[in-house]
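For reference, the structure discussed in these notes is given below.
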Amino acid sequence: MRRSRQQRDRVTIQDVAQRAGVSAMTVSNVVNRTGKVGESTRARVRAIIEEMGYVPSQAARHLVGAAPARIGLIYLDIESMFLSLAHGEVSAAAAEKGLQLMVRRASAATPDRAVALSLVRSGADALLFIPPFAELLTGTPALRTLGVPAAAIATAGPLPDMATVRIDNHAAGRAVADLLVTRGYRRIAIITGPGGHSDSVARLDGYKAALAAHGIPFRPELCAEGLFSFETGLVAADTLLDLPQPPDAIMAANDDMAAAALWAAHRRGLVPPRDLAVTGFDDTLVATRVWPALTTVRQPIKDMAIRAIDLLVEALGRPAAEGAAKPPRDVVLDFTLVERGSVRQA
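In UniProt numbering, the protein residues as written are 1 to 346.
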């Protein structure tokens with residue numbers, strides 16, 4: 001008979017060992033597929049692990065010796081320069097600390113909750129999320145029952161059940177809109193990310209705050225939604241530029257969509273930044289591969305990855321009682337507004 005969620009939350013390696021009539025080290029050997037364990041014993045322990053809903057902890061995994069900690073990373077099955085950069089920086093930060101990185105892909109066929117559980121059952125000692133997984137999993141029973149430390153980078157704000165390393169997206173969105181107003185642009189449009197994407201919402205709110213501060217009314221028709229891809233950015237930009245009164249500036253929620261806005265402008269014979277200013281977000285490689293090069297917000301992805309890995313290492317080395325007493329850390333790093341040729345100079 002399977003145990004309730006509350007019972008599973010309290011299951012330890014010692015509980016499994018006692019139930020199976022073996023040592024805790026034997027259970028650890030079964031979990032990690034190490035050591036000499038007879039097939040019948042291995043099968044019995046696995047059955048009890050499944051029955052009791054046991055999820056291996058960091059301490060249990062390392063009973064067999066000084067094996068490096070394993071960090072589980074989930075990535076989204078889409079093409080994105082930012083996500084690719086984040087993945088690379090997390091990999092580098094983990095390697096620098098001598099950690100093993102376990103990578104899993106999530107998609108419509110393999111939901112994020114199932115992937116996270118699969119990582120922990122495969123031996124991940126901690127989880128690190130890159131957008132959009134932190135917001136999808138935070139506050140869910142699935143995350144609470146995993147029993148391992150978690151951290152996330154590039155979130156919109158602090159989260160109650162994991163450490164976060166991020167920038168102030170509201171301030172960044174406001175800074176871009178402020179720049180455009182000071183350079184003489186007034187019909188400033190914005191291409192956002194998906195409506196439920198919290199960091200995109202924060203950037204939109206910053207944009208609105210800047211307009212209000214300069215006495216410029218927010219016009220809903222100047223707000224179009226994209227999905228952080230070139231293709232959806234192109235559709236959004238075409239919609240905005242086909243308005244009876246088109247914008248004289250377009251803020252995009254990432255560099256891919258900003259590049260699409262430049263493409264849409266060139267197709268119409270517009271000359272940026274004279275006829276149309278365009279700004280991006282993230283300062284990925286594409287920002288300097290288009291003409292004119294993009295004014296954009298640089299997120300410190302390398303520093304985010306390093307700080308997130310450091311927070312996980314700290315959590316793994318902290319006694320459970322001490323860890324339970326401390327709220328998750330929220331680290332806010334500085335962003336940089338990088339000015340290039342897609343906006344008029346002062």
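No residue lacks a Cβ here, since even glycine has one placed at the ideal position from N, Cα and C.
| Item | Value |
| --- | --- |
| Leaving aside the five residues before and after Gly-341 along the sequence, list all residues of the same chain whose C-beta is less than 6 Å from its C-beta, in chain order. | Pro-292, Ala-293 |
| Evaluate contact between the stretch 209–226 and the stretch 152–162, counting only Cβ atoms and requiring at least three cross-stretch pairs below 8 Å. | no |
| Output the distance between the C-alpha atoms of Leu-175 and Arg-104, rounded to the nearest integer angstrom. | Note that residue 175 corresponds to Ala in the displayed sequence, not to Leu. Near 35 Å, if we compare the C-alpha coordinates of Arg-104 and Ala-175. |
| Assuming Leu-128 and Ala-95 are in contact, meaning their beta carbons sit under 8 Å apart, how far apart are those beta carbons, in whole angstroms? | No, Leu-128 and Ala-95 are not in contact; Cβ-Cβ is about 13 Å, not under 8 Å. |
| Keeping to the same chain, check which residues put their C-beta closer than 8 Å to that of Pro-68; ignore five residues upstream and five downstream. | Gly-98, Leu-99, Gln-100 |
| Assuming Leu-333 and Asp-310 are in contact, meaning their beta carbons sit under 8 Å apart, how far apart are those beta carbons, in whole angstroms? | So it is not a contact: roughly 13 Å between Cβ atoms. |
| Note down the Cα distance separating Leu-73 from Arg-289, rounded to an integer number of angstroms. | 29 Å |
| Please report the residue range of the beta strand (DSSP E) in which Thr-296 lies. | 296–298 |
| Roughly how many angstroms separate the alpha carbons of Val-115 and Ala-213, rounded to a whole number? | 44 Å |
| How do the stretch 204–211 and the stretch 229–249 stand: do at least 3 beta-carbon pairs fall below 8 Å, yes or no? | no |
| Have a look at Arg-203, Arg-344, Leu-179, Val-165 and flag the residue whose alpha-carbon is nearest the alpha-carbon of Gly-173. | Arg-203 |
| Label Pro-132 either buried or exposed according to how many other C-beta atoms from any shown protein chain fall within 10 Å of its C-beta, with 16 as the threshold for buried. | buried |
| Output the boundary residues of the alpha helix (DSSP H) element that contains Val-181. | 169–182 |
| Using the C-alpha atoms, what's the distance from Asp-330 back to Arg-19? | 40 Å |
| Give, in chain order, every unbroken run of the beta strand (DSSP E) that is at least 3 residues long and sits entirely within the stretch 241–321. | 249–252, 277–279, 296–298 |
| With Val-338 as the anchor, note down where its beta strand (DSSP E) starts and where it stops. | 336–338 |
| Compute the distance between the beta-carbons of Gln-345 and Arg-183, then report whether it is under 9 Å. | yes |
| Leaving out five residues before and five after His-87 in sequence, what residues of the same chain have Cβ atoms less than 6 Å from its Cβ? | Tyr-75 |
| State the Cα-Cα distance for the pair Gly-53 and Leu-117, rounded to the nearest angstrom. | 11 Å |
| Considering only residues of the same chain and omitting the five flanking positions on each side of Arg-307, which have a CB-CB separation below 6 Å? | Val-165, Val-331 |
| According to DSSP, which residues form a beta bridge with Phe-129? | Ile-74, Ala-152 |
| Using a Cβ-Cβ cut-off of 6 Å (strictly less than) and excluding sequence neighbours within five positions of Ala-265, which residues of its own chain qualify? | Pro-272, Leu-276 |
| On the DSSP bridge assignment, give the partners of Leu-159 in chain order. | Met-162 |
| So, Ile-250 versus Leu-85, is the Cβ gap smaller than 9 Å? | no |
| Between the C-alpha atoms of Met-257 and Arg-70, what's the straight-line distance to the nearest angstrom? | 35 Å |
| Near Arg-186, what residues of its chain come up, given a Cβ to Cβ distance below 7 Å and the 5 sequence neighbours on each side ignored? | Ile-216, Asp-248 |
| On the three-state DSSP scale, how would you describe Asp-330? | strand |
| Does Ile-188 come out as helix, strand or coil in the three-state DSSP assignment? | strand |
| Select from Ala-253, Gly-193, Asp-205, Arg-267 the residue whose C-alpha is nearest the C-alpha of Ala-171. | Asp-205 |
| I need the DSSP call for Ala-69, collapsed to helix, strand or coil. | coil |
| Rounded to whole angstroms, what's the CA-CA distance from Ser-200 to Asp-168? Just pull it up for me. | 11 Å |
| Buried or exposed, going by whether 16 or more other CB atoms sit within 10 Å of the CB of Glu-50? | exposed |
| Given this structure, state the Cα-to-Cα distance separating Gly-195 from Ala-252, to the nearest angstrom. | 14 Å |
| Within 10 Å of its beta-carbon, does Leu-285 have 16 or more other beta-carbons around it, so buried, or fewer, so exposed? | exposed |
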